[in-house]
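The structure under discussion appears below in the form of structure tokens.
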């Protein structure tokens, strides 16, 4: 069997740190090859070497049997290697169509021939069932949509070797299923796929073989069919992982957050994105809002926290009306928010870790005196968070957050929010894009909050998370709550039906 | 300890890259001199380099006199820049400040003479602040780009001042303002004797104070923290409950006050400078942009770059001896700024020279210069993988900023 990619003995050094240490990675033609590893294991670094973003210190790359030197992404593109990045590289004020054809525009005497491009894009969209609106602006579409654009972009450029960097992190169960189908379809057509992931279920389902990295070192390549999930996770983490979340049985107490008849409209749609939503979160429970991305759950949370204005309705927190209160006031009152988009909302990327650790608390007497920041106190606090929540970064509290890995950025946010000892945590996709270790950790932290009698409102797109972590599930569909379910009494399949809008609980029947 | 060491070296490489930009600028200056008059080019070039050092203490005094207004406008632009705003309206704020200072200096005879100059300066600051607040308010409430509004405010300010001068404190013979009262002229505090020129006064002390205050605001206070947070990431600042509208407005108000103060300091210096009724925008406002860029928007950097550009300007005056036009200095400064845009490139070259064999993460060398490899070695460096993706964007972003 011939190899389309052979990366032999790749070593990549940053400073004194070996990001990749003698890693060998070979992909056969027409296979889905999973690349498994925790955050920081070197998966993305390896792919960046392949994609020409980095040059390796040692090792060689052979593509389709020919030794090559890849100096930049253009070289990679010329070798028909395409990549969907974890953090999308899209131009925000371009339309979907413009984004897809960017770099490969068909022109006639210097004038764009968009019609041809549009036809090709729409054909691809049809064929792979990647529904898009070619004229929507990137900044207006959801993260899930943006990913579709990235995939289409890769397909548009006729790539033969497709690299998916954690593609399912942002997708709904249905979308993931679709993606799996698409990947199988692509492989059938002779394309080869590198699938970077740390979700074992998906790897099990779609991949033929799997290469495992740990801390920059090559651990092994296994046949997925003959290896169990447990074996793979042990290879990945280096220890046994507990997949089950341990929760004490506790009874939910009184309501702490009450949302009454909330309506939110946005500029872009005539329909209400959040339509007459009422629910309450009680002390000592993890209430999960499940739904397919783009059904209003993001707006619902933004509305509650105050990041976007609400049109109608009332929000009570600890029995007090906070509908009109400022974001600052809500935060002081004890409402914590782990935001969906950690780069946009959660962090100031060019600040360092310690500055980010006091983002909502810098004005408290603990950290300031007459308007002057107590830098020593801030530093000590950051050190405490680093230790307590095991946040790893190149230069500890002085690391610029931009240079930290996604998992550790997320840990920093979680640490900051939970350490404020809030009464309720609104956690929106808190484990998005995180590896098993970090996910396990964050789930544990949420459960600790709950066990302490605090409330957690969790928004999740991942069925496993919804089923395992939550005490109660509200399903949101097109801006409306369509079901109030008990995870112990419902199957994943049933939940999927609610999420897809084909089923409603009696009390939420449309009238 | 470790941190301060890092900072020093970080600043050092920035400083070196600025030096390289300056060298490039001077080289171009030399070429221009050679083209326009090759015979006298070398002595003229030496004169430029000598600049303020030509005349002993007096020359240095002259440098200080030139530096005061452009350090203030530089501070204004740099401060706004640190908070994510491009204050191109320093010129208008400067003119308004200058006018109000002169007006108070002439008309407010009821003020006790001991504090007359101080009142005039405060008036200048308020005038500048008001002029800066306009673009700030529009940006905060209607999201109107501050670049456009502040350019417009430059013209409005200039014409309004011209109009008001004619109506109030006009010396029609010379088409300029009348001289201010003696009590409104800044005290010399012995500095005139020290520098052997009457142009130096306590203005330089006020400038140093302003530099210190801005530095403290930006680096040490919660207010500065809020301003910088809003400047870098408005959305995250909102998330954190920071009032971003307030931050934008206050930042423009402070920037305006700094420019206005600069205007006051120049026209109350008693150097025989008057505000002329001309349809020309005050060049000090635009020099401020150069000063801020060369000083990398850092208050101390701005102070030094302001002195440096003033030093060149003095040299520019002196080369008229050789029949060269002083505009050559403007060209040199322009080239320096232009090369300053490549500061990042220079910086990377510097790092390459300083740190010999070790390969550096691109992101690290861009954001913070990692000079102490033991730090990373001692801790487990968990993730270089996600860094990669941001690096490119970061690089282009920073280039664009410059």
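Chains as they are written, first to last, in this note's numbering: chain A, 9 to 519; chain B, 52 to 453. Beta carbons: idealized from backbone N, C-alpha and C, even for Gly. No experiment lies behind these values; they were computed from the predicted model shown.
In the displayed model, residue 160(B) falls within coil according to three-state DSSP, outside both helix and strand.
Distance from the CA of residue 101(B) to the CA of residue 114(B), rounded to the nearest whole angstrom, comes to 11 Å. For residue 352(B), no CB of chain A lies under 8 Å from its own CB, so it is not counted at the interface with that chain. Between residue 143(B) and residue 208(B), the C-beta spacing is below 8 Å.
Remark: C-beta atoms of residue 472(A) and residue 47(A) do not approach each other more closely than 8 Å. For residue 344(A), the enclosing beta strand (DSSP E) starts and ends at 343 to 346. With a cutoff of 8 Å on beta-carbon distance, residue 69(B) and residue 345(B) are scored as near each other. For residue 273(A), the CB contacts under 6 Å within the same chain, skipping 5 residues up- and downstream, are 280 and 319 in chain order. When C-beta distances to chain A are compared with 9 Å, the residues of the region 272 to 302 of chain B below that value are 272, 273, 274, 275, 276, 277, 279, 280, 283, 284, 286, 287, 288, 289, 290, 291, 292, 293 and 294, in chain order. Interface flag for residue 145(A) against chain B is unset, since no Cβ pair is found closer than 8 Å. Residue 320(A) sits in a strand when the DSSP states are folded into three classes.
Residue 90(A) and residue 171(A) do touch by the CB rule: their CB atoms are close to 7 Å apart, below 8 Å. Excluding five sequence positions before and after residue 91(B), the CB atoms of its chain that fall closer than 6 Å to its own CB belong to 373, given in chain order. Scanning the region 146 to 223 of chain A for uninterrupted alpha helix (DSSP H) segments of 4 residues or longer gives 151 to 164, 181 to 196 and 208 to 214, listed from N- to C-terminal end. In chain order, 37 place their CB closer than 6 Å to the CB of residue 10(A), counting only its own chain and leaving out the 5 sequence neighbours on each side.
With fewer than 16 other Cβ atoms inside 10 Å of its own Cβ, residue 127(A) counts as exposed. Judged by DSSP secondary structure, residue 266(A) falls within the beta strand (DSSP E) whose first and last residues are 263 to 273.
In the structure shown, the three-state DSSP call for residue 284(A) is strand.
Contact annotation: the region 137 to 152 of chain B does not touch the region 377 to 390 of chain B, with fewer than three C-beta pairs closer than 8 Å. The alpha carbon of residue 335(A) has as its nearest neighbour, out of 314(A), 186(A), 70(A) and 214(A), the alpha carbon of 314(A). Against chain B, a Cβ distance below 8 Å from residue 354(A) picks out 287 and 290.
Chain-order list of chain B residues neighbouring residue 367(A): 291, by C-beta distance under 7 Å. Using a Cβ-Cβ cut-off of 7 Å, residue 379(A) is close to 272, 273 and 274 of chain B, given in chain order. Interface annotation, residue 376(A): in contact with chain B, CB-CB separation under 8 Å. Apart from the 5 residues on each side of it in sequence, residue 219(A) sits with its Cβ closer than 6 Å to the Cβ of 33, 43 and 229 in its chain, given in chain order. Residue pairing by DSSP places residue 290(A) opposite 263(A) in a beta bridge.
Each residue's CA atom was taken as its position, placing residue 406(A) and residue 98(A) some 30 Å apart. The region 284 to 303 of chain A makes contact with the region 476 to 486 of chain A: 3 or more CB pairs, one atom from each, lie closer than 8 Å.
A check of alpha carbon separations from residue 163(A) across 426(A), 109(A), 203(A) and 504(A) identifies 109(A) as the nearest.
Inside the region 401 to 464 of chain A, DSSP marks whole alpha helix (DSSP H) runs of 4 or more residues at positions 414 to 427 and 444 to 459, from first to last along the chain. Sequence-distant Cβ neighbours of residue 227(B) in its own chain, meaning closer than 7 Å and more than five residues away, are 325, 326, 327 and 328. The region 332 to 351 of chain B makes no contact with the region 151 to 171 of chain B; the number of CB pairs closer than 8 Å stays below 3. Taking each of 40(A), 68(A) and 446(A) in turn and checking the Cα distance to residue 17(A), the smallest one comes out for 68(A). Separation of residue 57(A) and residue 344(A) (C-alpha to C-alpha, rounded to the nearest whole angstrom) is 39 Å.
Residues of chain B with a Cβ closer than 7 Å to the Cβ of residue 370(A) are, in chain order, 273 and 276.
If you draw a 10 Å sphere on the C-beta of residue 124(A), you find fewer than 16 other C-beta atoms in it, and that means exposed.
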